[in-house]
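Just so we're aligned, residue 1 is where the sequence shown starts under UniProt numbering, counting upward by one.
Beta carbons: idealized from backbone N, C-alpha and C, even for Gly.
Read through the structure below, which is laid out as structure tokens, and then see the notes.
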Amino acid sequence: MSIRIPDEKVDLIRRSSDIVEVISDYVQLKKQGRQYIGLCPFHGEKSPSFSVSPDKQLYHCFGCGAGGNVFSFLMEIEGITFIESVNKLGTKLNIELPESANSATKPADGPRERMKSAHEIAAKLYYHVLTLTEQGADGRNYVKERGFTREQIERFQIGFAPDRWDSLTTILSKRQYSLDLMVEAGLVGERESKDGYFDRFRNRLMFPIWDGQGRVIAFGGRTISDEKPKYLNSADTPIFHKGQTLYGLHLARPSIRKEGTVILFEGYIDVIAAWGAGFSNAIATLGTALTEEQAKIIRRNAETVTICYDSDQAGINAAFKSANILEQAGCVIKIADMPEGLDPDDYIRTYGANRFKSDVIGASLTFMSFKMRYLRRGKNLANESERMRYIEEVLSEISSLPRAVERDHYLRQIADEFSLSLEALKQEQYQIYRANRKEKTYSSEKKVTPRRSFETKKLLPAYQNAERLLLAHMMRNVEVAETVQEQIGGAFNIEEHQAIAAFLYAFYGEGNEANPSLFIQSLKDEKLIRIAAELGMLSVNEEYHEKEIQDYMKQIETYPKRVQIQKKELEMKREQDPLQAAKLLMEINRMKQEL
1 MSIRIPDEKV DLIRRSSDIV EVISDYVQLK KQGRQYIGLC PFHGEKSPSF
51 SVSPDKQLYH CFGCGAGGNV FSFLMEIEGI TFIESVNKLG TKLNIELPES
101 ANSATKPADG PRERMKSAHE IAAKLYYHVL TLTEQGADGR NYVKERGFTR
151 EQIERFQIGF APDRWDSLTT ILSKRQYSLD LMVEAGLVGE RESKDGYFDR
201 FRNRLMFPIW DGQGRVIAFG GRTISDEKPK YLNSADTPIF HKGQTLYGLH
251 LARPSIRKEG TVILFEGYID VIAAWGAGFS NAIATLGTAL TEEQAKIIRR
301 NAETVTICYD SDQAGINAAF KSANILEQAG CVIKIADMPE GLDPDDYIRT
351 YGANRFKSDV IGASLTFMSF KMRYLRRGKN LANESERMRY IEEVLSEISS
401 LPRAVERDHY LRQIADEFSL SLEALKQEQY QIYRANRKEK TYSSEKKVTP
451 RRSFETKKLL PAYQNAERLL LAHMMRNVEV AETVQEQIGG AFNIEEHQAI
501 AAFLYAFYGE GNEANPSLFI QSLKDEKLIR IAAELGMLSV NEEYHEKEIQ
551 DYMKQIETYP KRVQIQKKEL EMKREQDPLQ AAKLLMEINR MKQEL
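As structure tokens, then:
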């Protein structure tokens with residue numbers, strides 16, 4: 001039986017939802033005039049082309065064409081059904097829905113959902129063992145020694161896997177979970193003899209790893225003894241991919257959105273310590289190098305990133321690589337000045353939150369300053385050859401800086417430090433810049449540009465612009481739609497525009513008032529939804545003039561006749577018979593007079 005939510009409930013939820021607030025959970029939005037803009041979550045981009053209108057309660061990406069209202073956004077970004085999106089927003093707004101709708105929105109009990117629910121059970125078990133059982137005594141002693149507070153344990157749901165082979169296996173088996181599926185999920189291991197199963201995590205402090213919506217999809221386990229490995233993390237599974245997940249993002253997102261900046265650590269221990277020190281905008285990679293996918297996720301949520309990695313050589317190298325990836329994603333980079341020999345967790349426990357804030361995060365370097373320090377490492381600058389190589393490397397990096405003020409600033413630093421002519425450095429830097437630009441131009445010519453998933457916007461012909469603007473007015477004003485329906489009906493030249501006009505006439509015919517968001521909600525075709533969302537976002541004068549509407553309709557009506565005239569003119573040019581050509585000319589003049 002198909003589930004139906006009463007239209008008045010759907011409309012109440014739509015009207016009660018703030019599309020800017022909902023989308024801000026996934027995209028960093030900035031106010032620009034009456035709109036909000038950000039980086040599109042549906043395709044990779046460095047410059048924002050994703051626009052959200054709080055007035056119209058619509059969104060539209062001018063890059064890939066994605067668009068719609070609050071329901072369609074959730075459906076597209078989370079891959080859920082319309083009913084699930086209604087239920088999700090209704091729950092958030094405390095709007096009660098029919099029981100049948102609630103049951104219909106429960107995720108299908110497929111393998112992926114079983115994996116996720118098993119991880120939720122495991123997280124609850126580990127948390128219970130750590131906080132309330134005798135089996136968790138060693139874990140409690142360890143977290144006490146590490147200085148974890150009750151608040152940190154609760155917020156990050158830290159737990160403890162008991163020193164047994166079958167604690168989780170037994171619970172999952174009793175709850176009818178397929179243990180073969182649990183092996184695939186990374187929670188359970190299968191014995192080599194194939195005669196049984198065992199808990200993958202034992203005698204370890206357990207850190208749940210969540211997806212972007214806050215569901216547990218993996219674990220990190222830290223030994224509390226000398227057992228190797230020190231950290232045992234979930235391997236990639238159908239529900240967890242290290243390179244696409246950032247630890248603590250769903251917890252940090254509200255602070256990231258508020259501050260517009262994020263602090264990136266290497267591991268979850270550092271994130272937990274930073275949160276305890278007052279940094280609620282902290283996230284981490286999961287024991288692997290930062291990926292391009294992770295960098296894109298970060299950029300969608302924040303513009304400025306402070307990288308705070310360990311101060312050893314491996315940490316410095318990782319920070320350098322991560323910074324380059326983040327810069328390519330369009331982020332503004334800072335590098336925390338971590339003293340040598342300490343990691344963030346050690347520093348906070350040793351010196352406290354205030355010094356971490358002032359002497360580490362507060363003393364962060366610009367990416368260029370960090371590069372200069374990085375390039376200096378291992379070089380003997382007293383040696384002329386190594387000094388010249390260092391200067392050349394720094395000049396190459398300065399050449400890539402986009403702002404003249406920045407280039408001048410760092411060139412003066414080099415000139416002062418090595419007593420060199422500023423003018424000579426500028427000339428050398430410019431030569432490097434020209435050589436690099438020439439090389440990039442050559443590379444780009446050789447490189448085959450992949451096809452993008454969306455078309456480049458072109459200047460539209462007058463009749464098409466007229467149709468778009470007329471439909472935009474029609475979506476905002478019932479009287480305009482009635483006038484258009486009476487005078488030209490469905491005589492739009494673009495097929496999709498014909499369809500939107502027809503649906504709009506029917507929408508108003510049902511007694512609805514002008515409401516772009518509600519109209520788009522009534523559409524079923526994804527292509528029409530995207531086009532209608534773009535039309536709904538067009539900037540048009542609310543107080544229209546009748547002549548403006550008449551001009552648009554005239555453009556639309558006369559376009560087919562203009563096409564006919566163009567065909568006749570082409571035919572006349574090709575005509576060899578002078579008499580026949582004269583007849584065509586008379587016909588063309590008559591058609592023009594009719595226009």
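For residue i, the three-state DSSP class (helix, strand or coil)
i	result
S53	strand
S16	helix
M537	helix
F42	coil
T170	helix
W165	coil
Y544	coil
P98	coil
E190	strand
R299	helix
R451	Here the model assigns R451 a pLDDT of 42, short of 50, so the residue's position is not dependable, and the following value carries that caveat. Here R451 sits in coil by DSSP.
Y177	coil
V332	strand
A284	strand
A108	Confidence at A108 is low in this model, with a pLDDT of 49, below 50, so its placement is unreliable and the value that follows should be read with caution. A108 falls in the coil class under three-state DSSP.
H128	helix
N493	coil
M1	Because M1 sits at a pLDDT of 42, beneath the cut-off of 50, its placement in the model cannot be relied upon, and the point is left open.
A424	helix
A218	strand
P578	helix
Q213	coil
Cβ neighbours of residue i in the same chain (closer than 7 angstroms, five flanking residues each side left out)
i	result
Y410	M368, I398
D55	R34
Q487	M553
L381	R387, Y390
Close Cβ partners of residue i (< 6 angstroms) along its chain, the five nearest in sequence each way excluded
i	result
L89	I13, S17
D525	none
I256	V262, N281, N301, A302
K46	G330
A514	R476, N477, V478
T304	T261, V332
Supposed close pair residue i, residue j - CB separation, criterion 8 angstroms
i	j	result
S53	C61	In fact, because the Cβ distance is near 13 angstroms, the residues do not count as touching under 8 angstroms.
Y59	I37	Between I37 and Y59 the Cβ distance is about 10 angstroms, and since that is not below 8 angstroms, they are no contact.
K321	T366	Not confirmed; about 17 angstroms, so no contact.
G278	T149	With 8 angstroms as the limit, G278 and T149 do not qualify as a contact, their Cβ atoms being about 13 angstroms apart.
P516	G490	Not really, about 20 angstroms apart at Cβ, beyond 8 angstroms.
V271	A123	Contact doesn't hold; Cβ gap of about 17 angstroms is too wide.
Y142	I224	4 angstroms
G214	I529	Incorrect: roughly 28 angstroms between the Cβ atoms, too far for contact.
V394	L420	11 angstroms between Cβ atoms; not a contact.
Residue closest to residue i, alpha-carbon to alpha-carbon, out of the options
i	options	result
I19	S47, E45, L39, S51	S51
L39	A295, E113, P6	A295
G63	R215, L471, T91, I531	I531
Y268	G287, V563, N94, P254	G287
A82	K92, N69, L93, N94	Rather than Ala, the amino acid found at residue 82 in this sequence is Phe. Nearest option by C-alpha distance: N69.
F265	I95, L290, R253, K194	L290
E546	L504, R376, M474	M474
R222	I272, E259, F160, A273	F160
R112	G509, A466, A218, M372	A218
I297	A319, E259, G243, N317	G243
Proximal residues to residue i (C-beta, below 8 angstroms), its chain only, five neighbours per side dropped
i	result
E292	I325, Q328, A329
P41	Y26, V27, F50, I77, R300
I361	I263, F279, T306, C308, A336
P560	N493
D503	Before going further, note that residue 503 is Phe rather than Asp in the sequence given. Result list for F503: F519, S522, L523, L528, in chain order.
### Message
Would you call the segment 236-250 in contact with the segment 172-188, where contact means no fewer than 3 C-beta pairs closer than 8 angstroms?
### Response
Segments in contact, yes.
### Message
Three or more C-beta pairs under 8 angstroms: does that hold for the segment 199-208 against the segment 150-169?
### Response
Three or more Cβ pairs closer than 8 angstroms define a contact, and the segment 199-208 meets that threshold against the segment 150-169.
#### Entry: Stretch-stretch touch, CB-based, cutoff 8 angstroms, three pairs: the segment 308-327 with the segment 337-353
Between the segment 308-327 and the segment 337-353 there are three or more inter-stretch CB-CB distances shorter than 8 angstroms, so the stretches are counted as touching.
### Query
Between the segment 552-559 and the segment 91-99, do at least 3 Cβ pairs fall closer than 8 angstroms?
Counting C-beta pairs closer than 8 angstroms gives fewer than three between the segment 552-559 and the segment 91-99, which falls short of the contact rule.
### Message
So, does the segment 241-258 touch the segment 269-284, judging by three or more C-beta pairs under 8 angstroms?
### Response
Verdict: yes, contact present.
### Message
For the structure I just gave you, are there three or more beta carbon pairs, one from the segment 171-183 and one from the segment 220-231, closer than 8 angstroms?
### Response
Contact between the segment 171-183 and the segment 220-231 is absent, because fewer than three Cβ pairs lie under 8 angstroms.
### Message
Does the contact criterion of 3 or more C-beta pairs under 8 angstroms hold for the segment 562-579 versus the segment 473-485?
### Response
No: the two stretches stay apart, fewer than three of their Cβ pairs being nearer than 8 angstroms.
### Message
For the structure I just gave you, are there three or more beta carbon pairs, one from the segment 131-139 and one from the segment 73-91, closer than 8 angstroms?
### Response
No, the segment 131-139 is not in contact with the segment 73-91.
### Task
Assess, as a yes-or-no matter, whether the segment 118-127 is touched by the segment 147-164 under the definition of 3 or more beta carbon pairs within less than 8 angstroms.
Yes: at least three Cβ pairs fall under 8 angstroms.
### Message
Tell me whether the segment 399-408 and the segment 339-353 touch, counting them as touching only if at least three CB pairs, one residue from each stretch, are closer than 8 angstroms.
### Response
No, the segment 399-408 is not in contact with the segment 339-353.
### Message
For the pair the segment 416-429 and the segment 458-471, tell me if three or more CB-CB distances fall below 8 angstroms.
### Response
In short, these stretches do not touch, since the Cβ pair count stays below three.
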